[in-house]
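One structure below.
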Amino acid sequence: MIKDIVFDFGGVLTTIDTERALSRFKALGVANPEDYINSYCQKGPFFALENGDISAEEFCTELGMLCQRTISYDDAKSAWCGFITEVHVEYLEFLQQLRPQYRLSVLSNTNPFIQGWARSPQFTPCSKSLDDYFDMLFLSYCMKCSKPGNEIYRKMLADGSMNASETLFIDDSDKNLEAASRVGIKTLKVMNGEDWREKLSEYLKLDQNQGK
Numbered sequence: 018m019i020k021d022i023v024f025d026f027g028g029v030l031t032t033i034d035t036e037r038a039l040s041r042f043k044a045l046g047v048a049n050p051e052d053y054i055n056s057y058c059q060k061g062p063f064f065a066l067e068n069g070d071i072s073a074e075e076f077c078t079e080l081g082m083l084c085q086r087t088i089s090y091d092d093a094k095s096a097w098c099g100f101i102t103e104v105h106v107e108y109l110e111f112l113q114q115l116r117p118q119y120r121l122s123v124l125s126n127t128n129p130f131i132q133g134w135a136r137s138p139q140f141t142p143c144s145k146s147l148d149d150y151f152d153m154l155f156l157s158y159c160m161k162c163s164k165p166g167n168e169i170y171r172k173m174l175a176d177g178s179m180n181a182s183e184t185l186f187i188d189d190s191d192k193n194l195e196a197a198s199r200v201g202i203k204t205l206k207v208m209n210g211e212d213w214r215e216k217l218s219e220y221l222k223l224d225q226n227q228g229k
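Residue numbering for the sequence shown follows my numbering, starting at 18 and increasing by one per position.
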């Protein structure tokens, strides 16, 4: 039976708009941001940031070289947060009904700019941060590894004292879900921005019935 439910951040807990993020980085002066950015995995300094290989300050320096001007922390934060168009507070509140029975976690390819906002009272209109809704956060830049590599899933299982066969991972990327399945984690596919509450409820109901 499922004991741990793990959620992707962008596309599952929030709706993402890659084109809007690209526009913001282009406005900063990045000539071809699409060479570095996509919905699921970044390249160059963008990947290095999310993989924990460089700090936020080092990213600003490298971004400044691409833009040929000085880039501040706030400049970079505004561009990165262009990915997020909506925080689904109603989905987050729904999760509170599950917490008595399941441990809830986040596993995300993300960075300190987005998480600096998400882990603050500015995350929701009710002044709750991402931490208020989850028991554990597994963030790529802190773990120094990224989806869809096997290492991040194995590390999450070990650090979270999770049993793969009792863990459900929810993501909007086929590659990320396939990688989770390879290490024995159960998976549920959702689409970017989809209201997944009924789908998750049905999955858990079926799991509970099978466990009897």
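Where is the CB? At the ideal position from N, CA and C, for every residue including glycine.
Decide if residue i is buried, meaning its Cβ has at least 16 other Cβ atoms within 10 Å, or exposed.
i    : result
K164 : buried
L223 : exposed
M179 : buried
S125 : buried
M208 : exposed
S157 : buried
P138 : exposed
P117 : exposed
C143 : exposed
C58  : buried
M173 : buried
A175 : exposed
G28  : buried
Do residue j and residue i come within 7 Å of each other at the CB atom, strictly closer than that value?
i    : j    : result
F42  : A93  : no
L109 : L121 : no
I54  : L185 : no
T204 : A197 : yes
I187 : F26  : no
V200 : N167 : yes
I88  : C77  : yes
L154 : A135 : no
C162 : I169 : yes
Just to confirm, does residue i get its C-beta within under 6 Å of one of the non-hydrogen atoms of the ligand ATP?
i   : result
T32 : The model depicted lacks the ligand ATP and carries no ligand whatsoever.
The beta strand (DSSP E) that contains residue i, what's its start and end?
i    : result
T32  : T31 to I33
F63  : Segment G61 to E67 is the alpha helix (DSSP H) holding F63; no beta strand (DSSP E) there.
S122 : R120 to S125
Q155 : Sequence check: residue 155 is Phe here, not Gln. Residues M153 to L156.
T78  : From DSSP, T78 is part of no beta strand (DSSP E) but of the alpha helix (DSSP H) over A73 to C84.
F186 : T184 to D188
D206 : Sequence check: residue 206 is Lys here, not Asp. Counting along the chain, the beta strand (DSSP E) containing K206 begins and ends at K203 to K206.
When you compare each of the options to residue i by their alpha carbons, which one comes out closest?
i    : options                  : result
E79  : M153, L115, V47 and S137 : V47
K20  : E211, K206 and G177      : G177
Y119 : R136, Y150, G133 and D52 : Y150
R214 : E107, I169 and G28       : E107
Between which two residues does the alpha helix (DSSP H) holding residue i run?
i    : result
L109 : V106 to L112
D176 : N167 to D176
F26  : Where F26 is concerned, there is no enclosing alpha helix (DSSP H), given that its DSSP letter is neither H nor E.
L223 : R214 to Q227
N128 : Taken as a continuous stretch (DSSP letters only), N128 belongs to no alpha helix (DSSP H), as it is neither H nor E.
R199 : D191 to R199
A48  : It is not in any alpha helix (DSSP H) - A48 carries neither H nor E in the DSSP assignment.
G93  : Note on residue identity: the sequence assigns Ala, not Gly, to residue 93. It spans Y90 to W97 - the alpha helix (DSSP H) in which A93 sits, taken as one unbroken run.
For the region 188-199 and the region 73-90, state whether three or more C-beta atom pairs, one from each stretch, are separated by less than 8 Å.
-> With the cut-off at 8 Å, the region 188-199 and the region 73-90 do not touch.
If we count Cβ pairs, one from each stretch, closer than 8 Å, do we get three or more for the region 114-129 versus the region 61-73?
-> yes
Sufficient close CB pairs (3 or more, under 8 Å) joining the region 97-108 to the region 32-49 | yes
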